[in-house]
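Chains B and L, in that order, are what the protein sequence lines are.
The numbering of the first sequence is our numbering, which starts it at 1 and goes up by one.
The numbering of the second sequence is our numbering, which starts it at 1001 and goes up by one.
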Amino acid sequence: MSAPASLNSASAAARPRWVRIFCGCEDLVVVAILAVMMVLPVIEILLRKFFNGGVPASATIVQHLVLAVGMLGGAIAARENRLLALSAAAQWFKGGALTASRVVGFGFAAAVSALLCTSSWEFVLSQRSLGKVFAYGLPLWIVQLLLVAGFGLVALRLVWTVAPQWRWRAATFILAAGMIVLALMGPFSPEQLRWPAMIVLCVAVALGAPVFTALGGAAMILLWTAGEPVTPVLLKHYSLTVNPTLPSIPLFTLAGYFLAESGAARRLVRLFQALFGGMRGGPAIVTTLVCAFFTSFTGASGATILALGGVLMPVLMTANYSERNSIGLLTGAGSLGMLFPPCLPPILYAIIASSGNVVSVSIEQMFLGGLLPGLLLVGLTAWWGVSKGPRAGQDGRQPFERHEAWAATKAAKWELLVPVIALTALFSGFATPVEAAALTAFYTFLVSVIIHRDLHLIRDVPRVISECGLLVGGVMLILGVALGFTHYLVDAQIPDQAVEWTTGAIHSKWLFLLGLNLVLLVVGGLVEIYAAIVVVVPLLVPLGVAYGINPVHLGIIFLANMELGFLAPPVGLNLLLASYRFNKPMSEVTKASLPMLGVMVVGVLLITYVPWLTTWLPSLFH
Amino acid sequence: RLKLGTLAPKGTSYYNSLKAMGDQWRVDSGGAVNLSIFAGGAQGGEADMVGMMKLDSMQAAMLTAVGLSEIEAGVSGLQNIPMGFRTLEEVDFVNERMRPLLEERLAAKGFIVLFWTNGGWVRFFSNQLVNRPDDLRKLKVFSWSGFPEQVAIYKSAGFNPIAIETADIVPSLQTKLIDAAPLPPFFAMAAQVDTRAPYMLDVNWAPLVGALVVRKDTWEKIPVEVRTKLVVAAAIAGNEIKSTARREMNDSVSAMEKRGLKVTKPSDEVLQEWRQVCESTYPRIRGQVVPADIYDQTMKLLTEYRAAPAK
Ligand code: NA
Ligand code: NA
Chain B
1 MSAPASLNSA SAAARPRWVR IFCGCEDLVV VAILAVMMVL PVIEILLRKF
51 FNGGVPASAT IVQHLVLAVG MLGGAIAARE NRLLALSAAA QWFKGGALTA
101 SRVVGFGFAA AVSALLCTSS WEFVLSQRSL GKVFAYGLPL WIVQLLLVAG
151 FGLVALRLVW TVAPQWRWRA ATFILAAGMI VLALMGPFSP EQLRWPAMIV
201 LCVAVALGAP VFTALGGAAM ILLWTAGEPV TPVLLKHYSL TVNPTLPSIP
251 LFTLAGYFLA ESGAARRLVR LFQALFGGMR GGPAIVTTLV CAFFTSFTGA
301 SGATILALGG VLMPVLMTAN YSERNSIGLL TGAGSLGMLF PPCLPPILYA
351 IIASSGNVVS VSIEQMFLGG LLPGLLLVGL TAWWGVSKGP RAGQDGRQPF
401 ERHEAWAATK AAKWELLVPV IALTALFSGF ATPVEAAALT AFYTFLVSVI
451 IHRDLHLIRD VPRVISECGL LVGGVMLILG VALGFTHYLV DAQIPDQAVE
501 WTTGAIHSKW LFLLGLNLVL LVVGGLVEIY AAIVVVVPLL VPLGVAYGIN
551 PVHLGIIFLA NMELGFLAPP VGLNLLLASY RFNKPMSEVT KASLPMLGVM
601 VVGVLLITYV PWLTTWLPSL FH
Chain L
1001 RLKLGTLAPK GTSYYNSLKA MGDQWRVDSG GAVNLSIFAG GAQGGEADMV
1051 GMMKLDSMQA AMLTAVGLSE IEAGVSGLQN IPMGFRTLEE VDFVNERMRP
1101 LLEERLAAKG FIVLFWTNGG WVRFFSNQLV NRPDDLRKLK VFSWSGFPEQ
1151 VAIYKSAGFN PIAIETADIV PSLQTKLIDA APLPPFFAMA AQVDTRAPYM
1201 LDVNWAPLVG ALVVRKDTWE KIPVEVRTKL VVAAAIAGNE IKSTARREMN
1251 DSVSAMEKRG LKVTKPSDEV LQEWRQVCES TYPRIRGQVV PADIYDQTMK
1301 LLTEYRAAPA K
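Below is the structure:
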C-alpha cells in the first residue's frame, strides 16, 4: 500500500479538534448506514413472512445505501491514506525525494478526483432534468449528490494527506490545478494531449497514485481526447454501485468482518486442528474447501478473501505455513467455487448467452457443466497447498482425538451455522440474495456480540463496521470507475473490432481457444465480472458458434478464465482485496500468488482443451 | 456519428431492421449520418441508455416502456393498466391517438420519437395452474421493488405480492421465493422461465410498448430535408420490428409449449372475473401508477373505440 502505517497515526494525532469531530461524525454516519443496510432486509424478510407486508421501496433504499457507503467509505479511505495503490513511492525514495514523488502521484490523483467531482455534478444536473423520484417523494438527484460530495472529499484529502507540511499541500494543490488548467485551457487540442496525458498517468501511478485514479483517469483521458463526453464514467459508476445484486458484497464483507474480529478464528482453528491436524496438508485442504464453499454463495465478489482471509490466515500460520505461501493460497482460493450452484455468474451467463437467440443454455446445464471443472480447480489448488506444506515434524501434527474434536465442534457450532443460514435463506425461497447476505451479516453480529460477547456493542462494533465501510468504499471506487473504463472500450467499439479481426485472422478452433484464454485473462483482470459477462458474452457467443464450440463449454471456459482473471496482475480483484485484507503491498501479494496463478492456468487449459470435462455431465441428463 | 443503443442483441431480427435503417440513413444523408448500433445492452440497461442520451454520449435508443418511463412517466399509461387493453388493435388505436400528447412530453424532456412499436403481450407465468383470480391469490406474485404503489395495489386486490428486483425474478422462481410473474413470452423463453414456471395464463395482461427515440439537440442539427427522409426509413424499420415482435411472441409460446409449457386459456366467464378484479384496482392506478390525465385520456379513447361499429 502507498503509505507507511506510521504516517497515518502521526497525521491522526496531529488533527485539530474540529477535524477530529468531523472525522468522528463521518465514521458514525458510515456505521449507521451499514447498520441500516444490514437490518432493513432482515425486517423485510420478517414482515413478508409473518405480516404479509414490507417496507416500501426498501430494495431501492438498500441499493442507494451502497452508494452512500461507497462514497463515504472512499472519503474515509482517502482520509486515512488507505486508498489502494499499485505501487508505493516509499519503496524507492526517501526523505525529500519521497515527498516530492508523493506530490506528483497525489497531485495527479487529486486532479482526477476533482474532475470526477465536477463531472458528477454535470451528471447529477442531467439526471435532475429527468425529474425522477427516489422514494417517499425525495428527488433522486439529491441522493446522487453523494457522488459529488464523495469525489470532492477524496480530492481534498489527497491534497491534505500528501504530507503534514502546508508547503507540500500547496505544491500538490497547485500541481493538480495546473494539470486541469493546462488540459482544459492550454494551447493544445485534446487529440494532441492523448499520449502525453497517458504518460503522465503512468508516471503518477508508478509514484503511488491510487488505482481508482488510474482507471478513472485513463477512461476520462481516452474519452476526452476522442471527443466524447466524460460524464458517462460517473453514470456507470452510479449504476454499478446501485446495481440490485451489489449490496450482497458489502453485507457479506460485513459478516466476514464480524467473524474475523471476533473469536471465530480461534474457535475454527481449534476445530480444524482437531479434525484435520493429523493429516498432511490438512490446513491447505480446509482452506481450499472452505473458500470454494463460501464463494459459491457470495458470488465471485471477492467477498471470500475479505471475509475468510482473517479467519483462515491464522489457520495456515498456526500450521507453520510460510506467510507468503499462506497469502498465495488464500488469494488463489478466494475465487474458487464460482462454478458451483448457487453462484450468480453461471446463471447470468446462461441468461445473457440465451438472450441473443443464437444458442440456448439453461442454468442447470451450466451448473452440471461446471461441476467437474470446478472440482478440478479445487483439486489443483488443494494439491498446490498440500505440496507447500511444512515438512513432516514441523507442521505440528497431532493425532486425531475424538474428545477434542467433539469439544471443538461444540465451541464453534455458531460459526459453523453461518453457511447453513446463508444457504438455507437462499434456497428455501425465504430470501433474495441480498436479503440472505443481510441475514448472514445480522446473524454473525448476534453471534459475535450477543452469544459469544467477543465484541462490545459500543467499544468494538462501531470500529469494526467503520473499518468495513472504509474497505468497501475503497473497492467501490475501483469497481465503479472500472465500469467507466469499460464504457470507453465499448464506445470505441474495441470489442467489435476484436471480433472482426479474430474471425479474419484465426481459422483453427484450437488456436482460437488459446487466443481466447489470453484475451479473457486480460479482460478478467481488468473488468468487473458481471460487466464482463454482460459485455463480452454477447460478442463471444457468435464467435463460439463460428468455431463450433459447445455454448456450455464456452461458458465454462469464459467463467474459468474470469476466475483466473481475479489473480491476474496488475489489477486482478483478488490481488487488490488480498492486499487490503492482509495489509501487504500489491507487489508482494502478486509475487506470493504467482505460483497459484500458474496452477490455475494449468486448470484453465485443461478445462479449455478437454471439452469432455464440461460436456459429459450435461449430456447424461439430456 | 450517431450512436444508437438497444437491448436487442446483435443478429436478431430487431437488430437487422435497425441496421437496415442505419444503412438507408447513410444513403439519405449523403454519408453525413453514420449510425453505430450498440446492441445487446452493450452500453448498459435502459436507464443507463437514457442517462447516456442525456449526457450526449449516446444519441438514440430503442426503448421499451421501462426506459421510456425513465424519461416520462406518462408513457406507463400504455403498459401499466392491467387488462386495460383487449386486443392489439385497441393498443394501436390508443397509441396512435395518444402520440401527440406523449411525444410533446418526451420532447419537453429533450427526446424525439421516430416510431412506436407494440410487440404483443405480457403474460403470467406460474409454477402452478392458474385459471381464476383465486388461483393466483394463493401464489406469491412478483412485483417490482422500485414501485411501492404497485405493491399496495396488488395487495388491495387480494394478491400476495413479493417486492423484489427484476434481476431476481429468474433465481427467485427457482428458489420459490415467488411463484408467478408477469413476463414477456420472448424473455421467458430466453431465460428458460418455463422450466421453473411451466404454466402460462393466456390473458392479455398488458401490452409491450416501445419506441425509437433520438436526442432532440442531435436531431435538430440534421437539415430538415434530410430529416424527412430519415423518418421514412425509420417508419419502415418500425413496422418491420412491430410485425417481427408479434410473430416472435407467438413463436416463443409455441416453442415453449413444445418443451412442456402448459397454456391455460380461461373461459369467457373466468375472463370476466379477471376483468372485474383488474377494474377494481383502476381507481388506485389512476394517479398513483399512471398520471391521471393520461389514464383518463386512455380510458376515453378505449370507450370510443369499443363504441364504434366493428371495422
Ligand atoms: Na454486480
Ligand atoms: Na464483482
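Yeah, the Cβ is synthetic: ideal placement off N, Cα and C, and Gly gets one too.
I'd like the list of long-range same chain contacts for residue i, defined as Cβ closer than 7 Å, with 5 residues on each side in sequence excluded.
i, result
"residue 1300 of chain L", "none"
"residue 122 of chain B", "231"
"residue 9 of chain B", "Because the pLDDT of residue 9 of chain B is 42, which lies under 50, any placement of that residue in the model is unreliable, and the number read from its coordinates should be weighed accordingly. Within the same chain, residue 9 of chain B has no close Cβ partners at all."
"residue 1233 of chain L", "1021, 1024, 1025, 1028"
"residue 1039 of chain L", "1006, 1008, 1009, 1010, 1015"
Put residue i into one of helix, strand or coil per three-state DSSP.
i, result
"residue 1204 of chain L", "strand"
"residue 335 of chain B", "coil"
"residue 232 of chain B", "helix"
"residue 1013 of chain L", "helix"
"residue 104 of chain B", "helix"
"residue 1037 of chain L", "strand"
"residue 55 of chain B", "coil"
"residue 81 of chain B", "coil"
"residue 1126 of chain L", "strand"
"residue 1213 of chain L", "strand"
"residue 170 of chain B", "helix"
"residue 1112 of chain L", "strand"
"residue 1 of chain B", "At residue 1 of chain B, the pLDDT of 31 sits below 50, so the modelled position is not reliable; the number obtained from the coordinates is stated separately. Three-state result, residue 1 of chain B: coil."
"residue 1143 of chain L", "strand"
"residue 209 of chain B", "coil"
"residue 437 of chain B", "helix"
"residue 1256 of chain L", "helix"
"residue 1161 of chain L", "strand"
"residue 1117 of chain L", "strand"
Which same chain residues, not among the five before or five after residue i, have their C-beta less than 8 Å away from its C-beta?
i, result
"residue 1104 of chain L", "none"
"residue 225 of chain B", "190, 191, 193, 194, 197"
"residue 1218 of chain L", "1002, 1056, 1059, 1060"
"residue 15 of chain B", "23"
Taking residue i as the query, report the chain B residues whose CB atoms sit under 8 Å from its CB, ordered along the chain.
i, result
"residue 1273 of chain L", "The contacting residues do not exist; residue 1273 of chain L stays about 23 Å from chain B at best."
"residue 1162 of chain L", "48"
"residue 1036 of chain L", "493"
"residue 1148 of chain L", "56, 57, 135"
Using a Cβ-Cβ cut-off of 6 Å (strictly less than) and excluding sequence neighbours within five positions of residue i, which residues of its own chain qualify?
i, result
"residue 461 of chain B", "455"
"residue 1281 of chain L", "1153, 1157"
"residue 1286 of chain L", "1292, 1295"
"residue 1247 of chain L", "none"
Could you tell me which chain B residues have their CB closer than 7 Å to the CB of residue i, listed as they occur along the chain?
i, result
"residue 1296 of chain L", "Chain B residues near residue 1296 of chain L: none, gap ~21 Å exceeds 7 Å."
So which residues of chain B does residue i contact, with C-beta pairs closer than 9 Å?
i, result
"residue 1082 of chain L", "Under the 9 Å cutoff, chain B gives no residues; its nearest Cβ is about 20 Å from residue 1082 of chain L."
Could you name the residues of chain L that residue i contacts, counting a contact when the two beta carbons are closer than 8 Å?
i, result
"residue 362 of chain B", "1192, 1195"
"residue 347 of chain B", "1170, 1171"
Starting from residue i, find everything on chain L with Cβ-Cβ shorter than 9 Å and list it in chain order.
i, result
"residue 239 of chain B", "1044, 1045, 1047, 1048, 1051"
"residue 335 of chain B", "Chain L residues near residue 335 of chain B: none, gap ~20 Å exceeds 9 Å."
Please list the partners that residue i has in chain L, where partner means a Cβ-to-Cβ separation under 7 Å.
i, result
"residue 429 of chain B", "1175, 1176, 1177"
"residue 711 of chain B", "One cannot answer for residue 711 of chain B here, as it falls past the ends of chain B, which runs 1 to 622."
"residue 623 of chain B", "What the structure shows of chain B is the stretch from 1 to 622, and residue 623 of chain B is not part of that stretch, so it cannot be assessed."
Does the beta carbon of residue i fall short of 6 Å from some heavy atom of ligand 4?
i, result
"residue 1008 of chain L", "With respect to ligand 4, the structure shown offers nothing to examine, as its ligands consist of ligand 1 and ligand 2."
Checklist entry - What are the residues of the stretch 594 to 618 of chain B that lie near chain L, defined by any Cβ-Cβ distance shorter than 9 Å? => result none
Item to check | Interface residues of the stretch 217 to 229 of chain B facing chain L [CB-CB below 9 Å] | outcome: 223, 228, 229
Item to check | chain L contacts from the stretch 482 to 497 of chain B (Cβ-Cβ distance under 8 Å) | outcome: 487, 490, 491, 493, 495
Item to check | Near-chain L residues of the stretch 141 to 168 of chain B - C-beta to any C-beta below 7 Å | outcome: none
Next on the checklist: Under 8 Å, CB to CB, which of the residues in the stretch 1196 to 1229 of chain L have a partner in chain B?
Outcome noted: none
Next on the checklist: Extract the residue ranges of the alpha helix (DSSP H) inside the stretch 511 to 587 of chain B, only unbroken runs of 4 or more that lie entirely within it.
Outcome noted: 529 to 546, 551 to 565, 573 to 582
Item to check | Against chain B: residues of the stretch 1045 to 1071 of chain L by CB proximity under 9 Å | outcome: 1045, 1047, 1048, 1050, 1051, 1052, 1054, 1055, 1056, 1057, 1058, 1070, 1071
Checklist entry - Name the residues in the stretch 1167 to 1182 of chain L whose C-beta lies less than 7 Å from a C-beta of chain B; which are they? => result 1167, 1168, 1170, 1171, 1172, 1175, 1176, 1177
Next on the checklist: Counting only Cβ-Cβ distances shorter than 7 Å, please list the residues of the stretch 1182 to 1194 of chain L near chain B, keeping chain order.
Outcome noted: 1190, 1191, 1192
Item to check | Under 8 Å (Cβ pairs) to chain L, residues found in the stretch 50 to 62 of chain B | outcome: 52, 54, 56, 57, 58, 59, 60
Next on the checklist: So within the stretch 117 to 189 of chain B, which uninterrupted alpha helix (DSSP H) runs reach at least 4 residues, ignoring any that extend past its ends?
Outcome noted: 140 to 161, 166 to 185
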